Each structure stands twice: as C-alpha cells, then as structure tokens.
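**Q** Residue numbers (the numbering used here): 1 to 180.
Every residue, glycine too, gets a C-beta built ideally from N, C-alpha and C.
Since this is a predicted model, take the numbers as computed values, not measurements.
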Amino acid sequence: MWLICKGGLNTKAKLKGWSLLLDYTCVLCNSHSESVGHLFFSCDFSNHVWKYLLNAVSIFRSVGNIEQELAWLSCVFKDKCFKASIIKILFSVAAYHIWMERNNHIYSGKCNPKEKIIQLILADLGDATISWRNVTRSFENWELCLSLGVTNRIFFQSCFALLCFLMALLPILSKCVLRL
C-alpha cells in the first residue's frame, strides 16, 4: 500500500522512464498511459471497482485523482470508527486485487471482469473480518456489513447471537406476511 502512496510500483510509466517498454498503454482499459494514479483511480476498470465499493459503504461521490483519493484516505485512516476500519481494509484489498489483475493481464493474458474482482475483494474483506470481536452491535454497523456481505462473519459468531437476531426480525417478518 505504501508503494502506491509513494509512486513506487513499477508501472509502465515508470518503466518508460527507464526505456524498458514500447507499449505504455494500461492493460485494464487499453486507452490511457499506465501510471500509478491512472491504474488505481482513473482507469475505467478500477474506477468502476472503487465506485461500487464506495457505494457499498454509503459514500456517494465520484472517484477523484490519486492526490484527492490519498488525501481523503489519510483522513479516513485517522478515524477509529468501525466504518473507517472497513474502508481501510477495503482500500488495501482493492489495491491488491487491481494490481494482481493488471499483472494477470500482462503475464498470463488472463482477464477477469470487474464483477469478479469485486467478488474477490468482498471475499477477502470477509476473511479479514472473520475474527473481529467486540464490534458495536448498532444498526448502522449491521447495515454496513449487510451491504458488503460480511454480516454473518462479524455479528453471528455464536448461535446465540444468530438466535437473538432472528427473534428481533420476527415482528418485521410477521408484518410483511400479514400484508400479503
């Protein structure tokens, strides 16, 4: 992650400076020169991934350039709330999968659709949060986890917690059934 912030990844733009490549086009979008800023935020592929993830955590804004995104992330990284913790992991996991997808394109010729990358990111988020304990049981936190598909991993570590949740849902479900 620090390599992204410091521009230390060997993107095609960096290799161009060393005269090591002839084709500098981003392999994810095939339309712009590949740089760290483009690859992780401006590229149509990664931009789609970021928009989906931001919407999933109820942040409705467009994805900016690398300077804007790193400034925003530095503010998020200072926060200690549950949502900020989720965003920190999402950023790390998304950056990893975008970089891996880029490498898969270059070195093995394999191309995954954006939706597959998003699934991998959310699966890794679930794996990273499976051991979290003492998460505040608030509706806001539960809703955030629900939108990311990690609710059962964080909130239902025990059968008792699952039973309590289902009992809380009974009145809501009965109202829905009565309307039918």
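Contact between the region 107-116 and the region 75-95 is defined here as three or more beta-carbon pairs at a separation below 8 angstroms; is this criterion met?
**A** No: the two stretches stay apart, fewer than three of their Cβ pairs being nearer than 8 angstroms.
**Q** Report the three-state DSSP secondary structure of Ser-85 (helix, strand or coil).
**A** Helix, per DSSP.
**Q** What are the start and end residues of each continuous alpha helix (DSSP H) run of 4 or more residues lying completely inside the region 68-131, in chain order?
**A** The qualifying runs are 82-108, 114-129.
**Q** Residues in the same chain with beta-carbon distance under 6 angstroms from Ser-46, minus the five sequence neighbours each way, listed in chain order, please.
**A** Closer than 6 angstroms at the Cβ level, and outside the excluded window around Ser-46, lie Phe-40, Ile-98.
**Q** Can you tell me whether Ile-172 is buried or exposed? The criterion is at least 16 other CB atoms within 10 Å of its CB, across all chains shown.
**A** By the 10 Å Cβ count, Ile-172 comes out exposed.
**Q** Excluding the five sequence neighbours on either side, which residues of its own chain have a C-beta within less than 7 angstroms of the C-beta of Thr-151, listed in chain order?
**A** The residues are Trp-142, Cys-145.
**Q** Applying the criterion that 16 or more other CB atoms from any shown protein chain within 10 Å of the CB defines a buried residue, is Ser-62 buried or exposed?
**A** So Ser-62 counts as exposed.
**Q** In or out: Ala-168 buried (at least 16 other Cβ within 10 Å) or exposed?
**A** Exposed.
**Q** For the alpha helix (DSSP H) that Tyr-52 lies in, which residues bound it at each end?
**A** It spans 44-56 - the alpha helix (DSSP H) in which Tyr-52 sits, taken as one unbroken run.
**Q** If you follow the alpha helix (DSSP H) that Asn-141 is in, where does it begin and where does it stop?
**A** That run of the alpha helix (DSSP H) goes 139-148.
**Q** Do Arg-102 and Val-27 have their C-beta atoms closer together than 8 angstroms?
**A** For Arg-102 and Val-27, yes; Cβs fall inside 8 angstroms.
**Q** Would Ser-35 be called buried (16 or more neighbouring beta carbons within 10 Å of its own) or exposed?
**A** Classification of Ser-35: buried, given that the 10 Å Cβ count is 16 or more.
**Q** Can you check whether the CB of Val-93 is closer than 8 angstroms to the CB of Ile-118?
**A** Result no, Cβ atoms of Ile-118 and Val-93 do not sit closer than 8 angstroms.
**Q** Output yes or no for whether 8 angstroms exceeds the beta carbon distance between Ser-31 and Asn-65.
**A** No. Outside cutoff.
**Q** Between Ile-87 and the rest of its own chain, which residues show a CB-CB distance below 7 angstroms, the 5 nearest in sequence each way excluded?
**A** Answer for Ile-87: Val-57, Val-76, listed in chain order.
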